[in-house]
Amino acid sequence: MNLTTPEIRTVNVTRYVTPLREGGSLPAIAEADDGFLYVIKFRGAGQGVKALIAELVGGEIARALGFKVPEIVFASLDTAFGRSEPDEEIQDLLKASVGLNLGLHYLSGAITFDPSVMHVPYKVASQIVWMDCLLTNVDRTPRNTNMLTWNKELWLIDHGAALYFHHSWDNWQEQAIRPFLQVKDHVLLLRATELEEADEEFKQILAPERIRSIVSLIPDIWLQSEWQESPDEVRDIYTQFLNTRIAASDIFVKEAQHAREQLI
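As structure tokens, this is what we get:
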């Protein structure tokens, strides 16, 4: 098993292209100094760095599990960036986001996944449901699937609403072993017929060392202003939360199976 820590490139944002006004975080399409377009998630948005951490950790766990995820980069904003932006709300957002943000490679021409048109294989559906239960990702519903079809392939995007335990930090041990009740709203739940097989396979892939290597990607600067603990201590809590949840995966697998039975 290759446990090499993933490498995340850093790019400098050079041009604000257009806002993406889905949700309240005001992500945007922007161009970077490498010539590529990215969907930028800003640290100055409503959920702050916690949404960026969830995006980073959730996206790289999805990639480790073999799903297609747009390349994730650290996106640096200069203090002068956005001064000419006429929209005051966007200008305020950019001013509050100077420094290190997060970007995902923009999949030009991708279309929103439509479950009535594209049928996901039962195995893949089960794997996605399993992963979202692990990550406590509340944002993969029929109303907002956060999946794209690009080049006739399924891509997973937007994990910023995952890991919501970090919004209520003190009882993370208790939250790590809770079932994921929101799985009942998952867009792929009906097709998740192979959850036990996904559980067995993915627990082998997500060894404790792999989880630690992914969590180690979280930059210190994102952790220094949000928690009283040191950055290393915060990363250790994220690591323990995920490893505890993986070890107790039968809890969320059984909840998902029960929720699916209620839909049949």
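Every letter in the sequence shown is one number past the one before it in the UniProt record's numbering, and letter 22, counting from 1, is 22.
C-beta: ideal position from N, C-alpha, C; glycine also.
The model shown is predicted, which means the values in this text are computed figures rather than measured ones.
CB contact flag (residue i, residue j, <8 Å)
i: residue 196; j: residue 253; result: yes
i: residue 137; j: residue 42; result: no
i: residue 77; j: residue 13; result: yes
i: residue 65; j: residue 131; result: yes
i: residue 28; j: residue 11; result: no
i: residue 75; j: residue 38; result: yes
i: residue 159; j: residue 50; result: no
i: residue 110; j: residue 139; result: no
i: residue 218; j: residue 20; result: no
i: residue 141; j: residue 113; result: no
i: residue 125; j: residue 188; result: yes
i: residue 58; j: residue 135; result: yes
i: residue 179; j: residue 264; result: no
i: residue 40; j: residue 30; result: yes
i: residue 205; j: residue 242; result: no
Residue environment, residue i, which counts as buried when at least 16 other CB atoms sit within 10 Å
i: residue 227; result: exposed
i: residue 262; result: exposed
i: residue 186; result: buried
i: residue 60; result: buried
i: residue 92; result: exposed
i: residue 127; result: buried
i: residue 214; result: buried
i: residue 89; result: exposed
i: residue 249; result: buried
i: residue 97; result: buried
i: residue 46; result: exposed
Integer-rounded CB distance, given that residue j should sit under 8 Å from residue i
i: residue 129; j: residue 103; result: Not quite, the Cβ-Cβ distance comes to about 27 Å (not below 8 Å), so this is no contact.
i: residue 8; j: residue 70; result: Incorrect: roughly 13 Å between the Cβ atoms, too far for contact.
i: residue 256; j: residue 192; result: 6 Å
i: residue 95; j: residue 155; result: Contact flag wrong, Cβ pair sits at about 32 Å.
i: residue 244; j: residue 177; result: 7 Å
i: residue 99; j: residue 221; result: 7 Å
i: residue 194; j: residue 122; result: 6 Å
Boundaries of the alpha helix (DSSP H) in which residue i is found, first to last residue
i: residue 41; result: Where residue 41 is concerned, there is no enclosing alpha helix (DSSP H), although the beta strand (DSSP E) it sits in stretches over 37-41.
i: residue 244; result: 231-247
i: residue 202; result: 195-205
i: residue 131; result: 122-135
i: residue 50; result: 48-64
i: residue 223; result: 220-223
i: residue 6; result: First-last for residue 6: undefined, no H or E at that position.
i: residue 176; result: 172-176
i: residue 214; result: 208-215
Terminal residues of the beta strand (DSSP E) in which residue i lies
i: residue 17; result: 10-19
i: residue 156; result: 153-156
Cross-strand partners of residue i (DSSP beta bridge)
i: residue 99; result: 77
i: residue 145; result: None; residue 145 has no bridge partner.
i: residue 112; result: 148
i: residue 29; result: 18, 39
i: residue 104; result: 39, 72
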